[in-house]
Each structure stands twice: as C-alpha cells, then as structure tokens.
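Chemist: Pasting in a structure now, in structure tokens, and then I'll have a few things to ask.
What follows is the structure in structure tokens.
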C-alpha cells in the first residue's frame with residue numbers, strides 16, 4: 032500500500048457501514064482505480080455494531096421474518112451502481128448448513144439448532160442476525176480487493192478536526208481522534224453512528240434526581256438491553272412508560288430472563304409459569320396498547336400493484352407548484368388513499384362474500400373520490416356491510432379515542448381484547464386485507480424520501496414526518512413478532528402485567544417518594560418506587576452521550592437541525608446534513624468530505640437492511656453516497672501527501688484488527 036494512498040474513515044461499524052462498504056466495492060471498478068485505505072472505528076464487532084451485537088440476551092428477536100431481511104442491493108434497487116445479488120438471512124442460513132457459505136466461525140450448538148429450524152417465516156434471534164451481519168461485513172471487505180486495506184479500530188472516535196493548512200476549496204482533509212489515543216488522517220469521513228444515547232431530557236433528569244433522593248429506581252430512555260435492572264426486586268411494582276418494541280424487549284429480560292417459562296396449551300394459547308423472581312409491571316402509553324403484531328398471513332386476492340396515488344408523477348406535479356409542501360394537507364391524503372385502495376382491493380377480490388359490489392365498480396368510484404370526502408365514506412358504507420371492515424386510519428392511530436372506561440377491570444379487558452383481536456386480524460387466515468395495508472404503508476414509507484426532497488417540506492411537515500408519520504408507521508408496520516404478543520397476554524393473565532391505559536401521565540410525588548402513573552380515561556392510578564421509560568432516547572447532537580457528536584456541534588463542523596415554525600425555532604436534535612449527506616455548519620456551509628448517515632441525522636433515514644425486492648431506500652442511499660465518495664477520492668488521487676496514513680500503532684495507544 033503506497034504511503035500517500037487516499038484514506039476513508041467510517042465512524043461506526045454497524046450494518047449501515049457494512050452496506051456502504053459493499054457499495055464502495057461494487058462501484059470502485061468504474062470510478063476509482065487506485066489504492067485506498069479504509070478505517071472503521073467501532074468498539075463492538077464490525078458488521079453488527081452495538082444494537083445487533085452478539086453479546087445480548089439470547090431470547091431477543093428481530094421484528095422481521097428471515098425472508099424479509101437482506102443486506103444485498105438487488106436488481107430492484109434504482110441506483111447507478113451495479114446490483115450485486117447475495118443471500119438474505121434465510122438463504123444464508125441454508126447455505127451455512129449445507130456448506131455452500133463459508134467464512135462463518137464455528138457456531139454454538141444453540142445457534143446451529145436455530146439454523147436448522149429457520150424458515151423464511153421464522154423470526155430469528157438477534158444473535159443469529161449478528162452472525163449474518165458480521166459475515167456480510169467480512170464479505171464486503173474482501174470484495175474491495177487487494178488494493179484496499181481495511182483496518183478496524185475497536186475504539187470510539189472523540190473528535191474530527193480539519194487538517195492544518197489552506198487546501199483548495201473542496202479538497203480539505205481531516206484528523207479523526209480516537210478515545211484510545213490514536214489519530215487517523217482522512218480525505219473523507221463518514222459518521223455512521225446509528226442509535227446513540229443522549230443525556231437525559233429535563234423531565235427524565237428530574238425523575239432521576241427524584242429516584243436518587245428517595246432510594247427509588249428510574250431507567251431513562253435507552254437501548255433496553257444496556258440497562259441494569261438488577262435493583263428491581265421480585266414482586267416489586269414497576270411503572271413502565273411506553274409499549275413499543277423497547278417494552279417488548281423489557282418483558283423478555285424481566286420475565287424469561289429471570290427464569291420464567293411459557294407452556295403451550297391444547298387450545299393454542301400460552302400459559303406463563305413465573306419463577307418468582309419477576310417484578311410486577313404496570314404499563315401504559317399515549318395509545319394504551321402495544322405495537323401491532325407483524326403479519327403472517329398471505330394475500331388471497333389480486334396481486335398488490337404499484338401505488339396508484341402517491342406516485343412520482345403526483346409528487347412531481349406538487350413540486351412544480353410554488354412554495355413548500357405540506358405533508359398533512361398534500362402528501363398524507365395521497366398516502367392514505369393508496370393504503371385504502373390496497374386494503375379494499377384485497378377485501379373485494381379476496382373476500383367477495385363480504386362486499387356488495389364488484390371490485391371494478393368500487394375501484395372506479397374510489398379513485399374519483401378524495402380520501403377525506405363524504406363520497407368516499409358513503410361508497411364504503413354502501414359497499415361493505417360490516418363496519419368493522421371499514422378502514423379508519425384515525426381510529427387505527429388512536430384506538431381508544433373518546434372511550435371512557437368503567438375502571439380497572441374494564442381497562443384490562445379492553446386492552447387484552449384489543450391485543451387478541453390484533454393477533455386474529457394479522458395471523459389468522461381470513462383477514463389478509465391487513466397485509467395489503469401493511470405493504471402499501473411500507474411502500475409509501477420507503478418512497479417518501481425518494482420522491483420528496485426534505486428541503487421542499489415546510490417546517491411543520493418536517494416535524495410531522497420525523498414525529499407523527501414515523502410513529503404511526505412503526506405502530507402499524509414495525510411491531511413485534513406475533514409470539515411476543517401471545518406472551519404478553521400470558522404474562523398479563525399471570526398477574527405480572529397490568530395495563531394502565533391510554534393518555535398515560537406520570538408525576539414524581541415528593542410527599543410519598545414514589546412515582547405516580549394515571550390514565551384519566553381508564554380511571555386507573557398506581558404508585559410505585561420504580562419507573563422505566565421504555566423507549567430509545569430522542570436524538571440530540573448538543574446533549575448527545577456520544578463525544579463525537581458533541582464535538583462536531585461545539586467545533587462548528589456540524590450543527591443540529593433547526594426548524595422555523597409558527598411557534599418559533601424548533602431543534603429536532605438531529606445532525607443537519609444536505610441532500611447528499613454532507614454535514615452542514617451552523618452558518619450553512621456544506622462539508623463536502625464530511626458525511627453523516629443514519630437515524631440521528633436530518634436525512635430521511637430508512638434503516639440499514641430491508642426486504643428483498645423492494646427498491647429499498649437504505650441501499651439506494653448507500654449506492655449514491657459510495658459513488659460520491661469514490662468520485663471525491665478520484666479527484667484528489669494525485670499529488671496527495673500522507674493524508675491516508677494512520678498514526679503508527681506504537682503511538683496509537685489502542686488495539687486494531689486488520690480485516
């Protein structure tokens with residue numbers, strides 16, 4: 032490797048970085064013929080990173096079936112670079128078993144058992160996913176070829192600094208300082224940090240102080256498996272705020288993780304057998320119900336087609352108009368209408384006995400009506416006799432809106448019935464219209480970033496997209512495996528899980544030294560000496576627990592996204608990036624060689640892996656960024672001096688792995 036080879040530093044080594052390396056390898060033959068040094072800074076095993084690391088509870092699962100997970104950019108991905116076919120998780124598992132896939136370490140017997148039992152419909156463990164991601168990382172590194180050296184630093188980055196001197200505009204280089212003392216020089220830096228922790232928000236900080244003063248327990252928002260729950264005693268009442276995926280993980284850790292077990296019953300139900308070491312949980316949230324189950328049914332009617340209303344042409348017509356776009360007024364009605372069209376197509380063509388007219392007649396009248404119109408409502412009422420089959424997205428978003436419960440028992444029965452009905456709709460054989468809805472919302476979620484430049488949305492809409500739309504999509508489409516909701520009901524029947532209800536409110540009562548949670552709708556109030564905020568922390572650059580994000584903010588190399596709304600300036604907490612993922616300074620300067628990707632940035636962000644055959648957004652974004660990086664490197668490949676060197680290991684003060 033020549034001394035002055037260009038250098039790229041990727042900060043964070045999770046699946047997003049692995050996917051970017053794969054795209055660098057795929058595009059390099061066309062765009063960059065020279066030698067190259069790549070540094071990956073990641074304290075955990077590269078490929079998996081923190082969230083998907085192997086070292087977590089073996090019972091934790093993906094909320095995606097094995098057939099719905101791939102890291103490969105297939106032919107459906109609309110990008111300039113070449114598609115590289117490869118095995119998704121299910122095919123990879125089969126290949127490991129039959130020996131056609133190599134470069135996989137010797138696996139523990141339990142993982143071998145999981146491999147043998149895995150099918151496309153299996154919801155795999157995160158440990159198994161970790162092995163797949165680590166394999167993919169190694170494969171991507173190998174695909175870069177012998178002229179590329181990839182060095183993994185099992186460390187964290189603490190700062191990115193501009194190199195001294197006055198380079199030509201756009202030709203700046205950087206120094207990346209690591210916590211262990213090493214310093215890396217780079218022509219291009221990519222911050223791919225994934226989900227990071229933040230310093231507690233004022234309310235959480237106040238609750239933490241309250242808990243410390245009164246000898247209580249408080250867990251601020253965090254990745255669930257990183258929290259120490261050992262202070263929680265057997266039988267202790269614990270208030271849980273949040274009923275999303277973090278809550279599902281919490282149940283695993285505090286129930287099975289403490290020795291409890293589930294028994295299959297003859298009627299297909301589950302019984303939870305406590306170990307006696309579990310606390311008793313009181314769970315509530317804004318909606319009062321958990322995320323919807325993932326769907327295991329199959330479509331029965333006409334095949335799902337392409338979107339009919341939220342299309343490239345429809346969005347282009349809006350973009351041709353003056354001013355900024357409003358998500359709620361202009362885009363959401365198109366997304367909702369597509370969702371309704373897909374839902375009713377499956378209902379009409381898959382279950383003709385449940386409707387009064389044919390699909391063609393319904394489709395013509397539906398297409399002519401606005402989503403929020405009396406014509407559309409009248410058409411559905413006349414055509415679908417069972418009101419329970421009418422798609423009401425507002426009721427879906429707020430299932431208990433306007434309902435006042437008769438008390439504790441009524442609230443318990445209502446939430447349990449809601450979960451049971453959700454399982455019936457999403458895992459039974461007779462309601463595949465829910466799958467059609469799922470597919471449509473997923474397409475819209477993935478297409479939004481492709482069709483709508485974020486800078487064309489008004490400030491209120493950018494808040495809506497990052498807040499309400501992401502939350503609604505997650506609630507409907509990104510819930511847990513069905514098994515987890517069956518387990519939730521079993522734990523509830525055992526008495527170890529009680530539902531507080533919707534509209535959760537929490538206060539810290541100084542007079543008692545206990546947290547108090549209540550739902551006015553449910554008429555339930557409970558006090559406890561323990562509170563868990565079961566969710567990931569909101570992104571925050573200024574208050575990040577990650578030293579690099581704070582340094583980027585304080586140095587002026589980057590800044591938080593600020594939105595000017597009717598209520599004043601609103602900081603989203605996200606790292607501000609351009610449409611090309613370049614960091615933007617507080618005064619609006621683009622850092623052409625300093626990039627940020629992932630959920631903590633102002634970019635659309637759409638995960639790191641995806642369903643095969645879906646023109647997946649993260650793969651499109653990875654390809655575009657990889658090509659941009661390679662073009663930048665090609666521009667400066669001549670006349671460069673030492674910009675790609677790493678500080679010799681003797682001076683680095685930290686270990687590194689050569690891949």
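Residue numbers (this note's numbering): 32 to 690.
Just so you know, even glycine gets a beta-carbon here, dropped at the ideal spot from N, CA and C.
All values reported here derive from a predicted model rather than from experimental measurement.
Would the stretch 152-165 count as touching the stretch 94-109 if we require 3 or more Cβ pairs under 8 Å?
Modeler: The stretch 152-165 is in contact with the stretch 94-109.
Chemist: If you reduce the DSSP assignment to three classes, tell me which class residue 46 lands in.
Modeler: Against the chain shown, residue 46 aligns to sequence position 15. It is helical.
Chemist: Is residue 399 helix, strand or coil by DSSP?
Modeler: If you number the chain shown from 1, residue 399 lands on position 368. Correct three-state label for residue 399: helix.
Chemist: Got a sec, what are the start and stop residues for the alpha helix (DSSP H) residue 126 sits in?
Modeler: In the chain shown, the residue the question calls residue 126 occupies position 95. Looking at the DSSP string, the run of the alpha helix (DSSP H) that includes residue 126 is 120-129.
Chemist: Whole angstroms are fine: how far does the CA of residue 265 sit from the CA of residue 38?
Modeler: If you number the chain shown from 1, residue 38 lands on position 7. If you number the chain shown from 1, residue 265 lands on position 234. C-alpha separation (whole angstroms): 53 Å.
Chemist: Here's the rule: buried if 16 or more other CB atoms are within 10 angstroms of the residue's CB, otherwise exposed. What is residue 646?
Modeler: Within the chain shown, numbered from 1, the residue matching residue 646 stands at position 615. The residue is buried, with at least 16 neighbouring Cβ atoms inside 10 Å.
Chemist: Given a cut-off of 8 Å on the beta-carbon distance, is the pair residue 217 and residue 40 in contact?
Modeler: Counted from its first residue, the chain shown places residue 217 at position 186. Counted from its first residue, the chain shown places residue 40 at position 9. Yes; because the gap between Cβ atoms is below 8 Å, this pair is in contact.
Chemist: My guess is that residue 316 and residue 272 are in contact by the Cβ rule of under 8 Å, so how many angstroms apart are they, rounded?
Modeler: By 1-based counting over the chain shown, the position of residue 316 is 285. By 1-based counting over the chain shown, the position of residue 272 is 241. Yes, residue 316 and residue 272 are in contact; Cβ-Cβ is about 7 Å, under 8 Å.
Chemist: Is the beta carbon of residue 340 sitting closer than 8 Å to the one on residue 369?
Modeler: By one-based count along the chain shown, residue 340 stands at place 309. By one-based count along the chain shown, residue 369 stands at place 338. In this structure, residue 369 lies closer than 8 Å to residue 340 by Cβ.
Chemist: Could you tell me the alpha carbon to alpha carbon distance between residue 438 and residue 459, rounded to whole angstroms?
Modeler: Taking the chain shown and counting its residues from 1, the one referred to as residue 438 is at position 407. Taking the chain shown and counting its residues from 1, the one referred to as residue 459 is at position 428. When rounded, the distance between both Cα atoms is 31 Å.
Chemist: Look at the alpha carbon of residue 687 and the alpha carbon of residue 79, and state the distance between them as a whole number of angstroms.
Modeler: Your numbering for residue 687 matches position 656 in the chain shown. Your numbering for residue 79 matches position 48 in the chain shown. Annotation note: pLDDT 44 at residue 687 (below 50); position unreliable, coordinate value reported separately. Distance between the alpha carbons of residue 687 and residue 79 is about 17 Å.
Chemist: When you compare each of 428, 425, 388 and 427 to residue 410 by their alpha carbons, which one comes out closest?
Modeler: By 1-based counting over the chain shown, the position of residue 410 is 379. Out of 428, 425, 388 and 427, 388 has the C-alpha closest to the C-alpha of residue 410.
Chemist: Taking residue 288 as the reference, which of 89, 457 and 184 has the closest Cα?
Modeler: Reading the chain shown from its first residue, position 257 is the one you call residue 288. Nearest option by C-alpha distance: 89.
Chemist: Whole-angstrom Cβ separation of residue 654 and residue 111, contact assumed at under 8 Å?
Modeler: Counted from its first residue, the chain shown places residue 654 at position 623. Counted from its first residue, the chain shown places residue 111 at position 80. Yes, residue 654 and residue 111 are in contact; Cβ-Cβ is about 7 Å, under 8 Å.
Chemist: Does DSSP classify residue 470 as helix, strand or coil?
Modeler: Counted from its first residue, the chain shown places residue 470 at position 439. Helix, per DSSP.
Chemist: Can you give the Cα-Cα distance for residue 91 and residue 283, rounded to whole angstroms?
Modeler: For this step, residue 91 is matched to residue 60 along the chain shown. For this step, residue 283 is matched to residue 252 along the chain shown. Answer to the nearest angstrom: the Cα atoms are 7 Å apart.
Chemist: Span of the beta strand (DSSP E) holding residue 532?
Modeler: To locate residue 532, count along the chain shown from 1; it is residue 501. Its beta strand (DSSP E) spans residues 528-532.
Chemist: Give a yes or no on whether the C-beta atoms belonging to residue 320 and residue 446 are separated by under 8 Å.
Modeler: Along the chain shown, read from residue 1 onward, the residue named residue 320 stands at position 289. Along the chain shown, read from residue 1 onward, the residue named residue 446 stands at position 415. Going by C-beta atoms, residue 320 is nearer than 8 Å to residue 446.
Chemist: Quick one, which of 206, 600, 465 and 358 has its alpha-carbon nearest residue 195's?
Modeler: Numbered from its first residue, the chain shown carries residue 195 at position 164. If we check each option's Cα against that of residue 195, 206 comes out closest.
Chemist: Flag this pair as yes or no: are the beta carbons of residue 605 and residue 591 separated by less than 8 Å?
Modeler: Residue 605 sits at position 574 when you count from the first residue of the chain shown. Residue 591 sits at position 560 when you count from the first residue of the chain shown. For residue 605 and residue 591, yes; Cβs fall inside 8 Å.
Chemist: By how many angstroms is the C-alpha of residue 656 removed from the C-alpha of residue 472?
Modeler: Taking the first residue of the chain shown as 1, we reach residue 472 at position 441. Taking the first residue of the chain shown as 1, we reach residue 656 at position 625. Approximately 26 Å between the Cα atoms of the pair.
Chemist: With a cut-off of 8 Å on the beta carbons, I'd call residue 522 and residue 516 a contact; round off their distance for me.
Modeler: The residue you call residue 522 lines up with position 491 of the chain shown. The residue you call residue 516 lines up with position 485 of the chain shown. That belief does not hold up - the Cβ atoms of residue 522 and residue 516 are roughly 11 Å apart, past 8 Å.
Chemist: Looking at the unbroken beta strand (DSSP E) that takes in residue 272, where does it start and where does it end?
Modeler: As a working mapping, residue 272 is identified with position 241 in the chain shown. Looking at the DSSP string, the run of the beta strand (DSSP E) that includes residue 272 is 268-272.
Chemist: Output the distance between the C-alpha atoms of residue 223 and residue 638, rounded to the nearest integer angstrom.
Modeler: Working through the chain shown from its first residue, we reach residue 223 at position 192. Working through the chain shown from its first residue, we reach residue 638 at position 607. The alpha-carbon atoms of residue 223 and residue 638 are separated by roughly 12 Å.
Chemist: What residues in its chain sit with their C-beta under 8 Å from that of residue 560, if we drop five residues either side in the sequence?
Modeler: Taking the first residue of the chain shown as 1, we reach residue 560 at position 529. If we look at residue 560 and ignore the five residues flanking it on each side, its Cβ neighbours are 245, 246, 247, 248, 267, 268, 544, 545 and 546.
Chemist: In chain order, what residues of the same chain lie with their CB nearer than 7 Å to the CB of residue 227, ignoring the 5 residues before and after it?
Modeler: Counting from one through the chain shown, the residue named residue 227 turns up at place 196. Hits under 7 Å: 575, 576, 577, 580 and 631.
Chemist: Pick helix, strand or coil for residue 337, following the three-state DSSP scheme.
Modeler: On the chain shown, residue 337 is found 306 positions in, with the first residue counted as 1. Here residue 337 sits in coil by DSSP.
Chemist: Between residue 212 and residue 185, what straight-line distance do the alpha-carbon atoms span, to the nearest angstrom?
Modeler: Along the chain shown, one-based indexing puts residue 212 at 181. Along the chain shown, one-based indexing puts residue 185 at 154. C-alpha separation (whole angstroms): 12 Å.
Chemist: Please state whether DSSP places residue 522 in a helix, a strand or coil.
Modeler: Counting from one through the chain shown, the residue named residue 522 turns up at place 491. Reduced to three states, the DSSP call for residue 522 is helix.
Chemist: Based on the DSSP output, what are the partners of residue 622 in its beta bridges?
Modeler: Reading the chain shown from its first residue, position 591 is the one you call residue 622. Note: residue 622 sits in a beta bridge opposite 614.
Chemist: Looking at residue 294: is its Cβ nearer than 8 Å to the Cβ of residue 301?
Modeler: Mapped onto the chain shown, residue 294 falls at position 263. Mapped onto the chain shown, residue 301 falls at position 270. Contact: yes.
Chemist: If distances are taken between C-alpha atoms only, which option among 52, 57, 65 and 43 comes closest to residue 35?
Modeler: The count along the chain shown starts at 1 and reaches residue 35 at position 4. Comparing Cα positions, the closest option is 65.
Chemist: Applying the criterion that 16 or more other CB atoms from any shown protein chain within 10 Å of the CB defines a buried residue, is residue 309 buried or exposed?
Modeler: As a position in the chain shown, residue 309 is number 278, starting the count at 1. Buried is the call here.
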